[in-house]
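Structure record follows, encoded as structure tokens.
2 protein chains.
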Amino acid sequence: MSVVSCTPSMGRPRAFDAETALEKALDVFWRKGYDGTSLSDLTEAMGINKPSLYAAFGNKEQLFLKAIELYESRPCSFFLPALEKPTAYQVAEHMLYGAAMNMADQAHPQGCVVVQGALSCSEAAATVKAALLNRRVEGEQKLCARFEQAKIDGDLPANTDAETLARYLGTVLQGMAIQANNGASSEQLRQVAEMTLQAFPRKS
Amino acid sequence: MSVVSCTPSMGRPRAFDAETALEKALDVFWRKGYDGTSLSDLTEAMGINKPSLYAAFGNKEQLFLKAIELYESRPCSFFLPALEKPTAYQVAEHMLYGAAMNMADQAHPQGCVVVQGALSCSEAAATVKAALLNRRVEGEQKLCARFEQAKIDGDLPANTDAETLARYLGTVLQGMAIQANNGASSEQLRQVAEMTLQAFPRKS
DNA sequence: GGGGTTATTTACCGCTAAGTACAGATATCT
DNA sequence: AGATATCTGTACTTAGCGGTAAATAACCCC
Numbered sequence: 010m011s012v013v014s015c016t017p018s019m020g021r022p023r024a025f026d027a028e029t030a031l032e033k034a035l036d037v038f039w040r041k042g043y044d045g046t047s048l049s050d051l052t053e054a055m056g057i058n059k060p061s062l063y064a065a066f067g068n069k070e071q072l073f074l075k076a077i078e079l080y081e082s083r084p085c086s087f088f089l090p091a092l093e094k095p096t097a098y099q100v101a102e103h104m105l106y107g108a109a110m111n112m113a114d115q116a117h118p119q120g121c122v123v124v125q126g127a128l129s130c131s132e133a134a135a136t137v138k139a140a141l142l143n144r145r146v147e148g149e150q151k152l153c154a155r156f157e158q159a160k161i162d163g164d165l166p167a168n169t170d171a172e173t174l175a176r177y178l179g180t181v182l183q184g185m186a187i188q189a190n191n192g193a194s195s196e197q198l199r200q201v202a203e204m205t206l207q208a209f210p211r212k213s
Numbered sequence: 010m011s012v013v014s015c016t017p018s019m020g021r022p023r024a025f026d027a028e029t030a031l032e033k034a035l036d037v038f039w040r041k042g043y044d045g046t047s048l049s050d051l052t053e054a055m056g057i058n059k060p061s062l063y064a065a066f067g068n069k070e071q072l073f074l075k076a077i078e079l080y081e082s083r084p085c086s087f088f089l090p091a092l093e094k095p096t097a098y099q100v101a102e103h104m105l106y107g108a109a110m111n112m113a114d115q116a117h118p119q120g121c122v123v124v125q126g127a128l129s130c131s132e133a134a135a136t137v138k139a140a141l142l143n144r145r146v147e148g149e150q151k152l153c154a155r156f157e158q159a160k161i162d163g164d165l166p167a168n169t170d171a172e173t174l175a176r177y178l179g180t181v182l183q184g185m186a187i188q189a190n191n192g193a194s195s196e197q198l199r200q201v202a203e204m205t206l207q208a209f210p211r212k213s
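Quick mapping for you: the protein sequence lines, in order, are chains W and X. Okay, so the first sequence: first residue is 10 according to our numbering, each after it adds one. Okay, so the second sequence: first residue is 10 according to our numbering, each after it adds one.
In structure tokens:
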């Protein structure tokens, strides 16, 4: 699934790669947040002019939403793949270690754009704030459903509160995003992940 | 220590209460973040005009910093008081339950302004971003020092990694701020607090 | 090569941002 | 009362915002 408009056969061809430009936009939104990013920031980083941006991506808001889609579909994304692990404990393990690795990775801005892209923001950003909030909540619901399944599978005790367990894990993951912004290293986050797993119920 | 300029004896007296106005400003910054808050938002909420704001508080940046000082000195603040508890476990307990209570309190915006006031932001907000980051890191250092003392006191095992423990707790607390923004209730956060404490080392 | 189509460039729009000059209002001090 | 000091309200400045109109350039199809 291509996140950007596909190139038509007729007319002057686009002088930039839309996917690359979107990556650049994501980087800016990630570092500065939606409110803190201006169109000048974007066009400069993307290497295009404003009319090109508007023709290719609609407007600032739609550009942001497409950048988030890209963010979540990237190969280095760790959340959804972790859900596929065979046991609840392994799901948590992969998610926490994946987050530790990813969120402090110096190859891109620290933290998580879904957490920090529009946390507290102006009314103009209400739509994107809601979109991000939705993704955070949905992620936790998927985690909850995965833990319910784990109870059926028998790799979580039957009396486990799956919702609270998912919320606990979500809390730590989101906290790790802040920690990465605070300057914590991957190794330091890995230690936090390890400690987090100590509160995790084991197969009884 | 008064956070605002003290009233002089001569000249026309101020028509508003500076402390009350600062509370209003804090509320706006808390909900909208530094970048998302305009001077119009502020003057409207504070019930004063721009020249009064500038005369009393300097500028937007200084107003923000004063609002943060007020935030941390408020009676409902839970972080510093928790450090005074007799044992490391009680420190963690009071901090986590205090956060659960406070961050989802409907009497004010959700979450924590130190976390969400300027997480990802424009270059214009670099100073306030650094100030908030500093406070988060300092809080964790105080926590770490408290846990080191606990090892001396004997209410934490001697082989405890105080730094990691403090970072783990900081991670959960900061994660709870995001959770509160996600709409989590105090009761739901309390459950997360409970689970967090299960990873906490007990007196051996 | 010409017509149709799309992208790029430059210049601009209306609006709001943060911050301030200045005149008038209201207090204290002598 | 008068002088002095401070605050308030209106109106303003400069700069940047998100977004767009219109002319020009580059491509495909016939």
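Yeah, the Cβ is synthetic: ideal placement off N, Cα and C, and Gly gets one too. All figures in this text were calculated on a predicted structure; none of them were measured in a lab.
Is any non-hydrogen atom of the ligand ATP found closer than 7 Å to the C-beta of residue i, if you look at the structure I gave you?
i, result
"residue 160 of chain X", "The ligand content of the structure shown is nil, which means the ligand ATP is not present either."
Do you know how far the Cα of residue j is from the Cα of residue i?
i, j, result
"residue 201 of chain X", "residue 183 of chain X", "12 Å"
"residue 190 of chain X", "residue 113 of chain X", "8 Å"
"residue 149 of chain X", "residue 99 of chain X", "16 Å"
"residue 156 of chain X", "residue 175 of chain X", "8 Å"
"residue 56 of chain X", "residue 141 of chain W", "32 Å"
"residue 172 of chain X", "residue 168 of chain W", "33 Å"
"residue 181 of chain W", "residue 50 of chain W", "32 Å"
"residue 195 of chain X", "residue 101 of chain X", "17 Å"
"residue 170 of chain X", "residue 162 of chain X", "15 Å"
"residue 117 of chain W", "residue 144 of chain W", "21 Å"
"residue 91 of chain W", "residue 104 of chain W", "6 Å"
"residue 18 of chain W", "residue 60 of chain W", "20 Å"
"residue 158 of chain W", "residue 146 of chain W", "19 Å"
"residue 29 of chain X", "residue 87 of chain X", "21 Å"
"residue 20 of chain X", "residue 74 of chain X", "27 Å"
"residue 83 of chain W", "residue 89 of chain W", "11 Å"
"residue 211 of chain W", "residue 138 of chain X", "40 Å"
"residue 193 of chain X", "residue 93 of chain X", "28 Å"
"residue 106 of chain X", "residue 24 of chain W", "56 Å"
"residue 72 of chain W", "residue 58 of chain W", "14 Å"
"residue 12 of chain W", "residue 80 of chain W", "Note that residue 12 of chain W scores 41 on pLDDT, short of 50, meaning its location in the model is unreliable and no value can be drawn from it."
"residue 166 of chain W", "residue 203 of chain X", "18 Å"
Is the Cβ-Cβ distance between residue i and residue j less than 8 Å?
i, j, result
"residue 198 of chain W", "residue 64 of chain W", "no"
"residue 78 of chain X", "residue 136 of chain X", "no"
"residue 208 of chain W", "residue 96 of chain X", "no"
"residue 48 of chain X", "residue 76 of chain X", "no"
"residue 38 of chain W", "residue 122 of chain W", "yes"
"residue 52 of chain X", "residue 62 of chain X", "yes"
"residue 164 of chain X", "residue 44 of chain W", "no"
Would you mind giving the Cβ-Cβ distance between residue i and residue j, rounded to the nearest angstrom? I have them listed as a contact below 8 Å.
i, j, result
"residue 54 of chain X", "residue 36 of chain X", "7 Å"
"residue 152 of chain W", "residue 179 of chain W", "7 Å"
"residue 115 of chain X", "residue 186 of chain X", "Between residue 186 of chain X and residue 115 of chain X the Cβ distance is about 15 Å, and since that is not below 8 Å, they are no contact."
"residue 129 of chain X", "residue 41 of chain W", "6 Å"
"residue 221 of chain W", "residue 127 of chain W", "This structure leaves residue 221 of chain W out entirely; chain W is present only between 10 and 213."
"residue 85 of chain X", "residue 111 of chain X", "6 Å"
ask   = For the stretch 43-91 of chain X, which segments carrying the beta strand (DSSP E) assignment without a break, of at least 3 residues, lie completely within its bounds, in sequence order?
value = none
request  = Give the residues from the stretch 58-84 of chain W that approach chain X closer than 8 Å (Cβ to any Cβ), ordered along the chain.
outcome  = none
key: Near-chain W residues of the stretch 171-195 of chain X - C-beta to any C-beta below 8 Å   = 173, 174, 176, 177, 179, 180, 181, 182, 183, 184, 185, 186, 187, 188, 190, 191, 192 and 193
ask   = Name the residues in the stretch 113-131 of chain X whose C-beta lies less than 7 Å from a C-beta of chain W; which are they?
value = 124, 125, 126, 128, 129, 130 and 131
ask   = Using a beta-carbon distance cut-off of less than 9 Å, what residues from the stretch 25-48 of chain W approach chain X?
value = 38, 39, 40, 41, 42, 43, 44, 45, 46 and 47
message = Using a Cβ-Cβ cutoff of 7 Å, what residues of the stretch 130-158 of chain W are near chain X? List them in chain order.
response = 130, 131, 134, 142, 145 and 146
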